[in-house]
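Going down the list, the sequences are from chains A and B. Under the working numbering, the first residue of the first sequence is numbered 139, with each subsequent residue one higher. Under the working numbering, the first residue of the second sequence is numbered 139, with each subsequent residue one higher. Below is one structure; the comments refer to it alone.
Protein chains: 2
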Amino acid sequence: MSPDPLLLSLNTATVRKQWTLAQAIEGCARHGIRGIAPWRDKLAEMGVKKAAKAIQANGLTVTGLCRGGFFIAKDWLDDNRRAIEEAHALRAQCLVLVVGGLPAGSKDLIGAREQVTDCMSKILPEARKAGIPLAIEPLHPMQAAERACINTLEQALDVCDALGDGIGVAVDVYHVWWDPKLEQQIRRAGKKRVLAYHICDWLVPTRDLLNDRGMMGDGVIDLARIRSWVEGAGYSGFHEVEIFSELDWWQRDPDEVLKTCKARFLKAS
Amino acid sequence: MSPDPLLLSLNTATVRKQWTLAQAIEGCARHGIRGIAPWRDKLAEMGVKKAAKAIQANGLTVTGLCRGGFFIAKDWLDDNRRAIEEAHALRAQCLVLVVGGLPAGSKDLIGAREQVTDCMSKILPEARKAGIPLAIEPLHPMQAAERACINTLEQALDVCDALGDGIGVAVDVYHVWWDPKLEQQIRRAGKKRVLAYHICDWLVPTRDLLNDRGMMGDGVIDLARIRSWVEGAGYSGFHEVEIFSELDWWQRDPDEVLKTCKARFLKAS
Numbered sequence: 139m140s141p142d143p144l145l146l147s148l149n150t151a152t153v154r155k156q157w158t159l160a161q162a163i164e165g166c167a168r169h170g171i172r173g174i175a176p177w178r179d180k181l182a183e184m185g186v187k188k189a190a191k192a193i194q195a196n197g198l199t200v201t202g203l204c205r206g207g208f209f210i211a212k213d214w215l216d217d218n219r220r221a222i223e224e225a226h227a228l229r230a231q232c233l234v235l236v237v238g239g240l241p242a243g244s245k246d247l248i249g250a251r252e253q254v255t256d257c258m259s260k261i262l263p264e265a266r267k268a269g270i271p272l273a274i275e276p277l278h279p280m281q282a283a284e285r286a287c288i289n290t291l292e293q294a295l296d297v298c299d300a301l302g303d304g305i306g307v308a309v310d311v312y313h314v315w316w317d318p319k320l321e322q323q324i325r326r327a328g329k330k331r332v333l334a335y336h337i338c339d340w341l342v343p344t345r346d347l348l349n350d351r352g353m354m355g356d357g358v359i360d361l362a363r364i365r366s367w368v369e370g371a372g373y374s375g376f377h378e379v380e381i382f383s384e385l386d387w388w389q390r391d392p393d394e395v396l397k398t399c400k401a402r403f404l405k406a407s
Numbered sequence: 139m140s141p142d143p144l145l146l147s148l149n150t151a152t153v154r155k156q157w158t159l160a161q162a163i164e165g166c167a168r169h170g171i172r173g174i175a176p177w178r179d180k181l182a183e184m185g186v187k188k189a190a191k192a193i194q195a196n197g198l199t200v201t202g203l204c205r206g207g208f209f210i211a212k213d214w215l216d217d218n219r220r221a222i223e224e225a226h227a228l229r230a231q232c233l234v235l236v237v238g239g240l241p242a243g244s245k246d247l248i249g250a251r252e253q254v255t256d257c258m259s260k261i262l263p264e265a266r267k268a269g270i271p272l273a274i275e276p277l278h279p280m281q282a283a284e285r286a287c288i289n290t291l292e293q294a295l296d297v298c299d300a301l302g303d304g305i306g307v308a309v310d311v312y313h314v315w316w317d318p319k320l321e322q323q324i325r326r327a328g329k330k331r332v333l334a335y336h337i338c339d340w341l342v343p344t345r346d347l348l349n350d351r352g353m354m355g356d357g358v359i360d361l362a363r364i365r366s367w368v369e370g371a372g373y374s375g376f377h378e379v380e381i382f383s384e385l386d387w388w389q390r391d392p393d394e395v396l397k398t399c400k401a402r403f404l405k406a407s
């Protein structure tokens with residue numbers, strides 16, 4: 139069975155080379171896409187108030203704000219506080235956390251993991267107060283050094299277990315599709331802790347470790363199967379398309395990209 | 139404490155662009171490297187008998203034969219039988235299994251995993267008879283589609299548990315360094331099932347998903363820590379340097395590569 143077309147959301151990274159946030163909001167409205175997940179650099183360009191107003195005027199749901207985290211940065215505390223405020227202003231369903239990798243010059247992955255957990259425990263009370271769930275996004279192990287030292291759903295859920303309410307996970311198929319424990323851990327996460335569901339595809343071959351994601355249906359991820367697990371766990375929220383694609387989709391006409399996202403969402407997700 | 143210099147082994151992939159197997163055997167002897175792990179394409183070029191003779195004449199230990207596996211190939215059974223025979227002829231300490239990824243056109247990762255487990259159960263009795271331990275090498279999740287659908291040590295050990303004696307794992311730091319359960323699973327594997335230990339480094343940035351491995355010390359893997367876990371589990375065998383490096387080490391003078399392997403083994407492993 140195809141997913142509900144009303145549950146499609148656009149992560150604006152998918153058209154970040156072509157469009158401003160204002161253009162992406164208009165694009166979603168024009169194509170009948172009901173969810174949007176903005177990135178904070180584009181949000182800052184547009185201005186939070188103006189963006190919140192445009193998003194509401196177009197009746198869009200903000201399925202996540204990308205991103206908080208990067209707890210190895212010097213200004214992590216202020217930056218994450220601002221991110222929580224922005225998420226609140228946008229009425230975002232969650233703040234997505236890309237936790238950061240190894241500090242420069244360090245090889246201490248265990249230490250980095252302890253550090254990011256500690257930082258999350260420090261911002262969690264403020265996120266709870268603002269009513270913004272924090273969504274840890276486990277990133278593919280190939281991004282462990284540079285972007286996120288949380289690399290499996292199991293590891294992310296262990297952190298959630300330790301930190302209590304108000305924190306869950308963003309399940310991005312690109313990062314977790316390979317995991318032999320994926321079904322088990324999605325079940326463990328359950329309805330309460332699957333805060334976001336991101337889709338795209340894994341290309342064969344993959345030409346770049348960061349920016350060579352594929353459109354749904356163009357790769358080898360069994361999206362229907364993973365969706366059945368996520369829905370089986372009770373998730374009934376949006377399906378957010380997030381495609382970093384230097385060599386392909388960022389080169390195309392953004393209206394064509396959105397049309398393709400819509401079509402593939404129904405046909406191949 | 140530095141590792142024992144007598145425990146260095148050269149996986150010949152490290153100089154595969156520069157040297158034949160005969161040259162690699164001579165190179166090891168010349169540089170005082172006591173272990174070698176040949177690849178079967180080069181072994182076929184040289185001839186198994188001639189290679190076995192040269193290896194014995196130089197007093198080298200074959201720390202593994204690369205590779206069996208690729209159970210999705212049509213001729214997997216014959217090919218793996220031949221691999222076991224060759225490993226026996228070389229008195230190899232194990233046959234390394236790179237199990238293969240998804241069959242062409244398939245997205246069924248779970249099915250692929252069942253298939254490779256089934257294939258391993260079929261060759262295991264012959265491997266036992268030949269006295270050749272089979273070493274499952276879990277490959278980095280970024281190689282799940284194309285090279286191996288066994289991607290964590292935990293998953294590999296679950297397979298070992300199911301199949302019984304005569305099968306264990308090859309722990310290659312490049313593939314497993316990111317794993318939050320690495321220490322725990324190395325302990326679980328124990329002396330009996332850690333059949334090989336492969337070293338190199340993870341470069342930041344990594345420019346290619348397959349052939350951009352680093353020399354020990356040039357990347358972010360905490361090699362001393364992982365070595366302490368492996369030794370703590372009771373492993374006292376060779377440390378095999380395996381570096382696929384299109385852009386760097388395959389471009390260099392192979393004698394320089396071997397000298398660097400020796401120096402870095404003592405200084406940074």
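The beta carbon of each residue, even a glycine, is placed where N, CA and C say it ideally should be. Owing to the predicted nature of the structure, the values given are computational and were not obtained by experimental measurement.
At a cut-off of 8 Å between C-beta atoms, Q389/B does not count as an interface residue with respect to chain A. If you check the CB distance, L235/A and E275/A come in under 8 Å. Taken through DSSP and simplified to helix, strand or coil, D339/A comes out as strand. Between the C-alpha atoms of R168/A and H313/A there is a straight-line separation of about 30 Å. Residue contact with chain A for R402/B: absent (no Cβ-Cβ distance below 8 Å to any residue of chain A).
The Cβ atoms of V332/A and V307/A sit closer than 8 Å to each other. The criterion of a C-beta distance shorter than 8 Å is satisfied by G355/A and K405/A. Counting along the chain, V234/B sits inside the beta strand (DSSP E) bounded by residues 233 to 236. The closest CA to that of L233/B, considering only E264/B, D393/B, N289/B, is found on E264/B. Against chain B, the beta carbon of E264/A has no neighbour under 8 Å; the closest one sits roughly 27 Å away.
Contact between the region 311 to 329 of chain A and the region 244 to 259 of chain A is not established, with fewer than three Cβ pairs separated by less than 8 Å.
Taken atom to atom, the span from the alpha-carbon of Y373/A to that of K329/A is near 5 Å. By the neighbour-count definition (other C-beta atoms within 10 Å, threshold 16), L144/B is an exposed residue.
For H377/A, none of the residues of chain B pass the 7 Å Cβ criterion, the least Cβ distance being about 18 Å.
When V358/A, V309/A, W315/A are compared, the shortest CA-CA separation from H336/A is found for V309/A. Rounded to the nearest angstrom, the gap between the Cα atoms of R172/B and Q161/B is 15 Å.
Linking Q156/B to T199/B through their CA atoms gives a straight-line distance of about 22 Å. The C-beta separation of S147/A from E378/A comes to about 4 Å, placing the pair in contact by the 8 Å criterion. Under the DSSP assignment, A371/B falls outside any alpha helix (DSSP H); it carries neither an H nor an E label. Look at the region 166 to 223 of chain B and you find these whole runs of alpha helix (DSSP H), each 4 residues long or longer: 178 to 184, 186 to 195. Residue pairing by DSSP puts H377/A in a beta bridge opposite L146/A. At a beta-carbon threshold of 7 Å, the residues of chain B lying near T290/A are P318, ordered along the chain.
Taking the Cβ atoms as the reference, L277/B lies roughly 5 Å from R285/B, within the contact range of under 8 Å. Residue burial is scored here from C-beta neighbours: P343/B has fewer than 16 other C-beta atoms within 10 angstroms and is therefore classed as exposed.
Put simply, the CB of A282/A is near chain B, with a gap under 8 Å to one of its CB atoms. L291/A carries a helical assignment under DSSP once its states are collapsed to helix, strand and coil. For chain B, the residues of the region 250 to 261 of chain A that bring a beta carbon within less than 9 Å of one of its beta carbons are R251, in chain order. One Cα belongs to G239/B, the other to Q194/A, and the distance between them is close to 46 Å. Taking the Cα of D350/B as reference, the smallest distance to any Cα among Q389/B, G243/B, Q231/B is reached at Q389/B. If the five residues before and after A190/A are omitted, its C-beta is found closer than 6 Å to the C-beta atoms of A227, L228, all from its own chain and listed in chain order. Within the region 355 to 377 of chain B, V358, I359, D360 place their CB atoms closer than 7 Å to a CB of chain A, listed in sequence order. If you look at D393/A, you'll find it isn't in any beta strand (DSSP E); it sits in the alpha helix (DSSP H) that goes 392 to 406. Looking from the CA of E164/B, the closest CA among D393/B, C399/B, S407/B belongs to D393/B. In the DSSP assignment, L272/A is bridged to L233/A, I305/A. Within the DSSP bridge table, the entry for A286/A names G238/A as partners.
Closer than 8 Å to the CB of L240/B there is at least one CB belonging to chain A.
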